[in-house]
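Chemist: Sharing a structure, written as structure tokens. Questions coming.
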Amino acid sequence: DVKVTQSSRYLVKRTGEKVFLECVQDMDHENMFWYRQDPGLGLRLIYFSYDVKMKEKGDIPEGYSVSREKKERFSLILESASTNQTSMYLCASSPGQEKTQYFGPGTRLLVL
Amino acid sequence: GENVEQHPSTLSVQEGDSAVIKCTYSDSASNYFPWYKQELGKRPQLIIDIRSNVGEKKDQRIAVTLNKTAKHFSLHITETQPEDSAVYFCAAPSWDSFNKFYFGSGTKLNVKP
């Protein structure tokens, strides 16, 4: 059974802080993704990675960066958190192209 | 980028009735179209997917239809039950990447007992 975990379920940060969200999958999946979920907007892709140290921008990469130093771990970094980054952040992984994505439980981030 | 439109945004049905959710997309490089269900407070999970070499796929009370010419696909749930109440998302592959998917804005389905 695929397991995708995220470091925090809830997080409260101040404007300007550097924020790290971590995601770990235990199924040796090639692809990992970071989405943010906002009411009425669905899931919007921030970044994805198809291999260690490889990454591609999604639709809304501004204000975010990512790191994938190991295959099982994909980190999302908010360099300087802003209030408009308050959202639910979902990590996902998949074994390859055109394959099911498995989601983590989500991190609800509040930036004050 | 890809534009995936999903309708309706909310859907309320009586238990036992059918529910239909529709998605359209602007372009796609791939043949794989998944549907995800997200129950309140939980993570999205795949419920059914379809590849373009077939026009319809069924799994018990759930079916998905795909029309690649018209660029739309639909989710059909028959004999709805209260546990079908959730938010449903369609996803369509990007025109330029087999790894990248664009999600619809979601449909909140409420099945009234």
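Going down the list, the protein sequences come from chains D and X.
The opening position of the first sequence corresponds to residue 1086 in my numbering, with each subsequent residue numbered one higher.
The opening position of the second sequence corresponds to residue 884 in my numbering, with each subsequent residue numbered one higher.
Note that CB positions come from ideal geometry on N, CA and C, so glycine has one too.
Provide the residue(s) that pair with residue 974 (chain X) in DSSP beta bridges, ordered along the chain.
Modeler: Residue 974 (chain X) pairs with X:986.
Chemist: Should residue 987 (chain X) be flagged as near chain A, meaning a C-beta pair shorter than 8 Å?
Modeler: This model lacks chain A altogether, as its protein chains are D and X.
Chemist: Rounded C-beta distance between residue 957 (chain X) and residue 903 (chain X)? I'm assuming under 8 Å.
Modeler: Going by Cβ atoms, the distance from residue 957 (chain X) to residue 903 (chain X) rounds to 6 Å, so yes, they are a contact pair.
Chemist: Would you say residue 999 (chain X) lies against chain D (beta-carbon separation less than 8 Å)?
Modeler: In this structure chain X extends from 884 to 996, so residue 999 (chain X) is not present and cannot be described.
Chemist: Could you give the distance in angstroms between the alpha-carbon of residue 1136 (chain D) and the alpha-carbon of residue 1196 (chain D)?
Modeler: Their backbone Cα atoms lie some 30 Å apart in a straight line.
Chemist: Count the other CB atoms within 10 Å of the CB of residue 1004 (chain X); is the residue buried (16 or more) or exposed (fewer)?
Modeler: It is not possible to answer for residue 1004 (chain X), since the shown part of chain X is limited to 884 through 996.
Chemist: Verify whether the separation of the beta carbon atoms of residue 1168 (chain D) and residue 1194 (chain D) is less than 8 Å.
Modeler: Not closer than 8 Å, so no.
Chemist: Here's the rule: buried if 16 or more other CB atoms are within 10 angstroms of the residue's CB, otherwise exposed. What is residue 982 (chain X)?
Modeler: When all chains shown are included, residue 982 (chain X) counts as buried.
Chemist: Name the one or two DSSP bridge partners that residue 1109 (chain D) has.
Modeler: DSSP lists D:1090, D:1158 as partners of residue 1109 (chain D).
Chemist: Leaving aside the five residues before and after residue 899 (chain X) along the sequence, list all residues of the same chain whose C-beta is less than 7 Å from its C-beta, in chain order.
Modeler: If we look at residue 899 (chain X) and ignore the five residues flanking it on each side, its Cβ neighbours are 962, 963.
Chemist: Closer than 8 Å is the cut-off here; do at least three beta carbon pairs connect the stretch 968 to 976 of chain X with the stretch 912 to 922 of chain X?
Modeler: Short answer: they touch.
Chemist: What would DSSP say about residue 1100 (chain D), mapped onto helix, strand or coil?
Modeler: In this structure, residue 1100 (chain D) counts as coil in the three-state DSSP scheme.
Chemist: Taking all protein chains shown into account, decide if residue 1192 (chain D) is buried (16 or more other Cβ within 10 angstroms of its Cβ) or exposed.
Modeler: Buried, by the Cβ-count rule.
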